[in-house]
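Trainee: Here the sequence shown is numbered in our numbering, starting from 621 and rising by one per residue.
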Amino acid sequence: MKKLFSIIAVVLFFWSCDNEANKTTNMDETITGSGSQHPGLILTKDGIKDIRANLGSIPIFDETLANYKGDVDEAIENGFDVPVPKDYSGGYTHEKHKSNYRLMHQAGLLYQILDDEQYARFVKDLLFEYADLYPTLPIHPKPRSYARGKLFWQCLNDSNWLVYTSQAYDCIYNYLSDEERNTLESNLFRPFADHISKDSPQFFNRVHNLSTWGNVA
Numbered sequence: 621m622k623k624l625f626s627i628i629a630v631v632l633f634f635w636s637c638d639n640e641a642n643k644t645t646n647m648d649e650t651i652t653g654s655g656s657q658h659p660g661l662i663l664t665k666d667g668i669k670d671i672r673a674n675l676g677s678i679p680i681f682d683e684t685l686a687n688y689k690g691d692v693d694e695a696i697e698n699g700f701d702v703p704v705p706k707d708y709s710g711g712y713t714h715e716k717h718k719s720n721y722r723l724m725h726q727a728g729l730l731y732q733i734l735d736d737e738q739y740a741r742f743v744k745d746l747l748f749e750y751a752d753l754y755p756t757l758p759i760h761p762k763p764r765s766y767a768r769g770k771l772f773w774q775c776l777n778d779s780n781w782l783v784y785t786s787q788a789y790d791c792i793y794n795y796l797s798d799e800e801r802n803t804l805e806s807n808l809f810r811p812f813a814d815h816i817s818k819d820s821p822q823f824f825n826r827v828h829n830l831s832t833w834g835n836v837a
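1. Here's the rule I'm using: 16 or more other beta-carbon atoms within 10 Å means buried, otherwise exposed. How should P705 be labelled?
2. Could you please give the first and the last residue of the uninterrupted alpha helix (DSSP H) stretch that includes L723?
3. Give me the Cβ distance between V743 and I792, rounded to the nearest whole Å; I'm assuming they're in contact under 8 Å.
4. Quick one: measure Cβ to Cβ for P659 and D790, integer angstroms, because I've assumed they're closer than 8 Å.
5. Secondary structure at W635, three-state DSSP: helix, strand or coil?
6. Pop quiz: Y688 and W781 are said to be a contact at Cβ under 8 Å. What is the actual Cβ separation, rounded to whole angstroms?
7. Would you give the residue range spanned by the alpha helix (DSSP H) that I662 belongs to?
8. What is the residue span of the alpha helix (DSSP H) that D752 lies within?
9. For the region 749 to 759 against the region 728 to 740, are there 3 or more C-beta pairs whose distance is under 8 Å?
10. Answer yes or no: do L685 and S786 have a C-beta to C-beta separation smaller than 9 Å?
11. Where does the unbroken alpha helix (DSSP H) through N698 begin, and where does it stop?
12. Excluding sequence positions up to five away, which residues of its chain have a Cβ less than 8 Å from the Cβ of H815?
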């Protein structure tokens, strides 16, 4: 987890510098409706240039990037699993879906920073597995939560998944065709967000720190 925070901290540093420099431009794009560049959530195009220019000069970043690469390369070699959800926290399906969103997030960053299409392909393949699975899912079978998710036993964990996975999707957005994006958004992202928000107002509309994950998602 420390490694995750390390790389995100450096990425956010470059993003914030770029964001400040382009604040006026971005505001104009938002007003005119023309600002839909990807990536644009955790990375920007100019931020990526800065990161690439500084590779090899920030040891903690380089070490974390190498660890990310090792994790994702291993997953690419061994394959992945997208199981039907059935477990509480600590169970196989819960931990596997959590691992999957972390790997997609890492792979999306690697694709942008290293410009290696194998990482975009990994995210794409995993996303399409989820796009096939998600429409078939009922509410999670474990009943303990006041707001049950579908991939996980509570909406909080579903929201975690969507925050990280949407950032991965943003990183590979331009790698995908229009048809592929439409499929993922229609079968996965919009229904996923609808369940967290429209179907679960007791979670989404609650004034609580956990609900902020749902609001962000």
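We treat Cβ as the ideally placed atom computed from N, Cα and C, and that holds for glycine.
Mentor: In brief:
1. Residue numbering aside, residue 705 sits at position 85 when the sequence shown is read from its first letter. Result: buried.
2. In the sequence shown, the residue the question calls residue 723 occupies position 103. Y712 to L734 is the span of the alpha helix (DSSP H), which, as asked, contains L723.
3. As a position in the sequence shown, residue 743 is number 123, starting the count at 1. As a position in the sequence shown, residue 792 is number 172, starting the count at 1. Yes, they are in contact, since the Cβ atoms of V743 and I792 sit about 5 Å apart, within 8 Å.
4. Here residue 659 is taken as the residue at index 39 of the sequence shown, counted from 1. Here residue 790 is taken as the residue at index 170 of the sequence shown, counted from 1. Confirmed, about 5 Å.
5. To locate residue 635, count along the sequence shown from 1; it is residue 15. Only weak support is given to the placement of W635: the predicted model assigns it a pLDDT of 46, under 50, and the value that follows is read from those uncertain coordinates. In this structure, W635 counts as helix in the three-state DSSP scheme.
6. By one-based count along the sequence shown, residue 688 stands at place 68. By one-based count along the sequence shown, residue 781 stands at place 161. At roughly 18 Å, the Cβ-Cβ gap does not stay under 8 Å, so Y688 and W781 are not in contact.
7. One-based indexing of the sequence shown puts residue 662 at position 42. Neither: I662 is in no alpha helix (DSSP H) and is coded neither H nor E.
8. Here residue 752 refers to the residue found at position 132 when the sequence shown is read from its first residue. Run containing D752: E737 to L753, per the alpha helix (DSSP H) assignment.
9. no
10. The count along the sequence shown starts at 1 and reaches residue 685 at position 65. The count along the sequence shown starts at 1 and reaches residue 786 at position 166. No.
11. Within the sequence shown, residue 698 is the residue found at index 78, counting from 1. Its alpha helix (DSSP H) spans residues P679 to N698.
12. Position 195 of the sequence shown, counted from the first residue, corresponds to residue 815. Cβ neighbours of H815 beyond the five flanking positions: G769, K770, C775 and D778.
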